[in-house]
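Student: For the sequence shown, this note's numbering assigns the number 326 to the initial residue and increments by one for each residue that follows.
Beta carbons: idealized from backbone N, C-alpha and C, even for Gly.
Okay, here's the structure, questions in a sec.
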Amino acid sequence: MHRTWRRRKTSCWGSTGSCRRAEKVNVPTMDRQSVSHTLQELAAVLELSGASATRVRAVQRAARSEILATGRSSTLDELREQVAPGLVEMLWIPGLGVTKVRQIHEALGVESLAELEAAASDGRLAALPRFGSKTAENVRRGIASLRQATGLRLFHHARDELEGVRLALAELEGVQRVEIAGAVRRRCDVIARLDLIAVHADAAARHALIHRLGHAPGVTEIGGKTGAITLRFASGTVVDVLLTTPERFGLDWIRATGSAAHVAALEARARTVGGSLEGSFPDEARVYRALGLAWVPPELREADGELEAAAAGRLPHLVEQTDLRGFLHCHSHVSDGTVTIAEWASSCRAAGYGWVGITDHSQSSAYSGGLRAEDVGQQHAEIDAVNAGATGILVLKGVEADILADGSLDYGPDVLDRFDFVIGSIHSRFGMSEEEMTRRVLTAMEDPRLTILGHPTGRLLLQREPYAIDLERVLQTAADRGIAVEVNADPHRLDLDWRMVRRARDLGVTISIGADAHSTAGITNVAIGLGIARKGWLEPSGVLNTRDADGFLAFAR
Numbered sequence: 326m327h328r329t330w331r332r333r334k335t336s337c338w339g340s341t342g343s344c345r346r347a348e349k350v351n352v353p354t355m356d357r358q359s360v361s362h363t364l365q366e367l368a369a370v371l372e373l374s375g376a377s378a379t380r381v382r383a384v385q386r387a388a389r390s391e392i393l394a395t396g397r398s399s400t401l402d403e404l405r406e407q408v409a410p411g412l413v414e415m416l417w418i419p420g421l422g423v424t425k426v427r428q429i430h431e432a433l434g435v436e437s438l439a440e441l442e443a444a445a446s447d448g449r450l451a452a453l454p455r456f457g458s459k460t461a462e463n464v465r466r467g468i469a470s471l472r473q474a475t476g477l478r479l480f481h482h483a484r485d486e487l488e489g490v491r492l493a494l495a496e497l498e499g500v501q502r503v504e505i506a507g508a509v510r511r512r513c514d515v516i517a518r519l520d521l522i523a524v525h526a527d528a529a530a531r532h533a534l535i536h537r538l539g540h541a542p543g544v545t546e547i548g549g550k551t552g553a554i555t556l557r558f559a560s561g562t563v564v565d566v567l568l569t570t571p572e573r574f575g576l577d578w579i580r581a582t583g584s585a586a587h588v589a590a591l592e593a594r595a596r597t598v599g600g601s602l603e604g605s606f607p608d609e610a611r612v613y614r615a616l617g618l619a620w621v622p623p624e625l626r627e628a629d630g631e632l633e634a635a636a637a638g639r640l641p642h643l644v645e646q647t648d649l650r651g652f653l654h655c656h657s658h659v660s661d662g663t664v665t666i667a668e669w670a671s672s673c674r675a676a677g678y679g680w681v682g683i684t685d686h687s688q689s690s691a692y693s694g695g696l697r698a699e700d701v702g703q704q705h706a707e708i709d710a711v712n713a714g715a716t717g718i719l720v721l722k723g724v725e726a727d728i729l730a731d732g733s734l735d736y737g738p739d740v741l742d743r744f745d746f747v748i749g750s751i752h753s754r755f756g757m758s759e760e761e762m763t764r765r766v767l768t769a770m771e772d773p774r775l776t777i778l779g780h781p782t783g784r785l786l787l788q789r790e791p792y793a794i795d796l797e798r799v800l801q802t803a804a805d806r807g808i809a810v811e812v813n814a815d816p817h818r819l820d821l822d823w824r825m826v827r828r829a830r831d832l833g834v835t836i837s838i839g840a841d842a843h844s845t846a847g848i849t850n851v852a853i854g855l856g857i858a859r860k861g862w863l864e865p866s867g868v869l870n871t872r873d874a875d876g877f878l879a880f881a882r
């Protein structure tokens with residue numbers, strides 16, 4: 326559920342700087358994500374108001390054209406005045422659907438997250454029919470996660486929103502260049518702010534540019550200072566834009582990119598070595614060179630040893646998309662994917678890969694159409710037929726086998742031996758203690774057939790916390806036994822976390838980038854996972870996907 330900003334009656338906002346009264350601006354286009362969010366909120370408010378499913382669909386159909394044309398729904402604006410916003414927020418908590426939220430509201434009079442938290446803590450929520458203490462505890466955890474996630478976006482959502490704004494602003498008269506900055510440029514997994522930097526000719530043109538920015542398509546408000554402005558869009562998106570000149574672009578792009586700790590470290594070095602951050606810096610490399618440093622890739626700018634490495638000439642040669650030869654972790658129509666194995670082969674070949682590893686779910690994943698042991702032969706025959714077709718890409722026989730509660734891999738050894746490689750993943754019993762979960766994973770890693778440990782902490786960003794596990798022991802075991810650990814590139818996971826990717830690198834663990842794709846659209850997940858790999862200081866030699874098929878199979882054996 327998308328959190329929608331509610332405009333106050335006063336139109337001036339922001340802690341400092343100028344502001345103007347909001348103007349109605351025609352929005353010719355609206356991105357699909359924003360349309361979807363608005364329609365979802367409209368459905369939620371209607372359902373909370375007691376509307377039938379038929380009416381909800383009818384209102385959504387009628388509202389779609391208005392949303393596409395103006396970026397908003399007049400029906401939703403009216404309904405927001407009738408339904409407490411806290412009730413809509415409650416729908417963001419896992420396990421609380423419309424029926425339960427209405428029950429809570431009618432029985433307890435709860436209208437906000439704070440009131441819900443109190444009811445979950447004092448026993449009133451648990452006492453409701455069909456709730457109980459476990460549900461109350463889950464609600465408390467959900468509220469905590471929700472508060473932590475408020476205002477945050479997943480990387481791919483933030484990137485897409487920011488790129489749309491960047492392209493729109495680049496068309497404005499007087500704008501010479503617009504670039505993405507901030508946490509999106511640093512490839513962080515979760516984004517709190519959207520940052521751009523815009524180059525204009527000179528200071529004299531700045532005021533005219535600010536005026537044009539304020540009237541850009543979709544902008545409803547503008548605030549901030551002369552050199553740094555904030556734009557609020559009809560879709561709810563808020564973007565901070567740093568204005569600069571060509572002469573200052575390099576230095577200002579570094580500052581707009583961050584992290585704050587990295588920038589502070591640069592300034593401290595300037596004071597220490599006697600370098601100057603004054604003058605003309607039209608590109609970033611000149612800034613670093615003035616301080617006796619090699620240019621630092623944006624992904625590494627987290628004040629975690631990158632300046633010391635840059636000074637000593639020890640920055641890693643980060644892995645790039647062109648280094649990747651193999652595509653890993655994809656599901657076909659055999660389990661819960663939407664495409665055939667032949668379609669995977671052709672799409673991955675078109676994307677430039679030389680081999681693709683098909684990894685349908687194993688039999689215990691009945692909820693996702695897991696591959697039954699007796700059907701493995703049929704799937705492998707399909708793969709053999711594709712490989713016989715001279716498609717220009719090799720399809721490998723893999724499986725994503727569930728790691729069961731006792732640590733055993735789904736299927737017996739005789740079935741697992743028929744696959745070229747095995748990804749082992751946990752899909753159940755997330756509530757184990759750290760000791761139990763660690764033992765479960767280490768037991769799975771004792772199986773010589775395990776090639777890759779999949780999404781090793783089970784997290785879902787902004788939705789589900791990682792399960793308790795001793796990752797240090799797991800990573801050390803992976804290094805000792807020659808088992809790869811996955812960076813799951815599903816943008817909702819990005820698991821392993823980039824900080825632990827670097828720890829894995831230091832321990833000598835091989836990392837695989839797994840798309841966890843269920844359709845060919847998921848091929849683009851790899852680029853997101855690649856950002857996490859780069860952020861973890863990985864070079865091509867540390868990434869399993871950079872090997873050719875023979876090299877990968879040698880690792881798997």
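Using a Cβ-Cβ cut-off of 7 Å (strictly less than) and excluding sequence neighbours within five positions of Arg518, which residues of its own chain qualify?
Tutor: For the purposes of this step, residue 518 is taken as residue 193 along the sequence shown, with counting starting at 1. Within the same chain, Arg518 has close Cβ partners Gly507, Ala508, Asp565.
Student: Distance, Cα to Cα, Ala637 vs Gly617?
Tutor: Position 312 of the sequence shown holds residue 637. Position 292 of the sequence shown holds residue 617. If I take the Cα positions, the gap works out to 10 Å.
Student: Quick one: residues in its chain with C-beta nearer than 6 Å to the C-beta of Glu414, no 5 flanking neighbours on either side, listed in chain order?
Tutor: Counting from one through the sequence shown, the residue named residue 414 turns up at place 89. Taken in chain order, the residues that qualify are Leu438.
Student: Can you have a look at Arg491 and say buried or exposed, based on whether 16 or more other CB atoms are within 10 angstroms of its CB?
Tutor: Indexing the sequence shown from 1 puts residue 491 at position 166. Classification of Arg491: buried, given that the 10 Å Cβ count is 16 or more.
Student: Could you have a look at Arg789 and say whether DSSP puts it in helix, strand or coil?
Tutor: Indexing the sequence shown from 1 puts residue 789 at position 464. Arg789 falls in the strand class under three-state DSSP.
Student: Quick one: Cα of Ser689 to Cα of Gly723, how far?
Tutor: Walking along the sequence shown from the start, residue 689 turns up at place 364. Walking along the sequence shown from the start, residue 723 turns up at place 398. Between Ser689 and Gly723, the C-alpha separation is close to 16 Å.
Student: Under a Cβ-count criterion, where at least 16 other Cβ atoms within 10 Å of its own Cβ denotes burial, should Ala858 be classed as buried or exposed?
Tutor: Locating residue 858 in the sequence shown gives position 533, counting from the first residue. Buried.
Student: Under a Cβ-count criterion, where at least 16 other Cβ atoms within 10 Å of its own Cβ denotes burial, should Ile425 be classed as buried or exposed?
Tutor: Translated into positions along the sequence shown, residue 425 becomes position 100. In the sequence as presented, Ile is not what sits at residue 425; that position holds Lys. So Lys425 ends up on the buried side.
Student: Within 10 angstroms of its Cβ, does Gly647 collect 16 or more other Cβ (buried), or is it exposed?
Tutor: To locate residue 647, count along the sequence shown from 1; it is residue 322. According to the sequence displayed, residue 647 carries Thr and not Gly. Exposed, because fewer than 16 other Cβ atoms sit within 10 Å of the Cβ of Thr647.
Student: Rounded to the nearest angstrom, what separates Leu819 and Ala842 at their Cα positions?
Tutor: Position 494 of the sequence shown, counted from the first residue, corresponds to residue 819. Position 517 of the sequence shown, counted from the first residue, corresponds to residue 842. Straight-line Cα distance between these residues: approximately 13 Å.
Student: So the alpha helix (DSSP H) Trp680 belongs to, where does it begin and stop?
Tutor: The residue labelled residue 680 in the question sits at position 355 within the sequence shown. Careful: Trp680 lies outside any alpha helix (DSSP H), inside the beta strand (DSSP E) at 680 to 686.
Student: Would you list the one or two residues that DSSP bridges to Thr647?
Tutor: On the sequence shown, position 322 is the one that residue 647 refers to. Paired residue(s): none; Thr647 is not in a bridge.
Student: On a Cα-Cα basis, can you pick out the residue from Val826, Ile748, Ala528 that is closest to Cys655?
Tutor: Sequence index remark: in the sequence shown, residue 655 carries index 330 (1-based). Closest option to Cys655, Cα to Cα, is Ile748.
Student: Report all residues from its chain with a CB closer than 6 Å to the CB of Ser458; omit the five preceding and five following residues, and keep chain order.
Tutor: Start at 1 with the first residue of the sequence shown, and residue 458 comes out as number 133. Ala451, listed in sequence order.
Student: If I measure Cβ to Cβ from Arg697 and keep anything under 8 Å in the same chain, skipping five residues before and after, which residues do I get?
Tutor: For the purposes of this step, residue 697 is identified with residue 372 of the sequence shown, where counting begins at 1. So the list reads Gln688, once near-sequence residues are dropped.
Student: Taking only three categories from DSSP, how would you classify Ala726?
Tutor: Along the sequence shown, read from residue 1 onward, the residue named residue 726 stands at position 401. Three-state result, Ala726: strand.
Student: Could you give the distance in angstroms between the alpha-carbon of Gly854 and the alpha-carbon of Ile848?
Tutor: Numbered from 1 along the sequence shown, position 529 holds the residue referred to as residue 854. Numbered from 1 along the sequence shown, position 523 holds the residue referred to as residue 848. Their backbone Cα atoms lie some 11 Å apart in a straight line.
Student: Taking C-alpha atoms, which residue in Lys550, Ser837, Arg557, Ala495 lies nearest to Gly543?
Tutor: Against the sequence shown, residue 543 aligns to sequence position 218. With distances taken between Cα atoms, Gly543 lies closest to Arg557.
Student: Answer with buried or exposed for Ala598, where buried requires no fewer than 16 other C-beta atoms within 10 angstroms of its C-beta.
Tutor: Taking the sequence shown and counting its residues from 1, one reaches residue 598 at position 273. Going by the sequence as given, residue 598 is Val instead of Ala. Per the 10 Å Cβ criterion, exposed.
Student: Could you check whether the region 524 to 535 touches the region 485 to 503, counting it as contact only if at least three pairs of C-beta atoms, one from each stretch, sit closer than 8 Å?
Tutor: Enough Cβ pairs lie closer than 8 Å, so yes.
Student: So, under 8 Å CB-CB, Leu404 and Val435 are touching, yes? Tell me the CB distance rounded to an integer number of Å.
Tutor: Along the sequence shown, one-based indexing puts residue 404 at 79. Along the sequence shown, one-based indexing puts residue 435 at 110. Going by Cβ atoms, the distance from Leu404 to Val435 rounds to 19 Å, so no, they are not a contact pair.
Student: Roughly how many angstroms lie between the CA atoms of Ala526 and Ile505, to the nearest whole one?
Tutor: Looking up residue 526 in the sequence shown gives position 201. Looking up residue 505 in the sequence shown gives position 180. Going by the C-alpha atoms only, they are around 19 Å apart.
Student: If contacts are defined as beta-carbon pairs under 8 Å, then Ile468 and Ile429 qualify, I think. What distance do you get, rounded to the angstrom?
Tutor: Working through the sequence shown from its first residue, we reach residue 468 at position 143. Working through the sequence shown from its first residue, we reach residue 429 at position 104. Going by Cβ atoms, the distance from Ile468 to Ile429 rounds to 13 Å, so no, they are not a contact pair.
Student: Mind checking who Leu719 pairs with in its DSSP beta bridge?
Tutor: Residue mapping note: residue 719 aligns to position 394 of the sequence shown, counting from 1. DSSP output for Leu719 lists Trp680 as bridge partner(s).
Student: Please give me, in chain order, every unbroken run of the alpha helix (DSSP H) with length at least 4 that falls completely inside the region 799 to 860.
Tutor: For the region 799 to 860, whole alpha helix (DSSP H) runs of length 4 or above, ordered along the chain, are 823 to 832, 850 to 860.
Student: Tell me which same chain residues have a C-beta within less than 7 Å of the C-beta of Ile516, skipping the five on either side of it?
Tutor: By 1-based counting over the sequence shown, the position of residue 516 is 191. Taken in chain order, the residues that qualify are Leu477, Arg478, Phe480, Ala483, Ala508, Val509.
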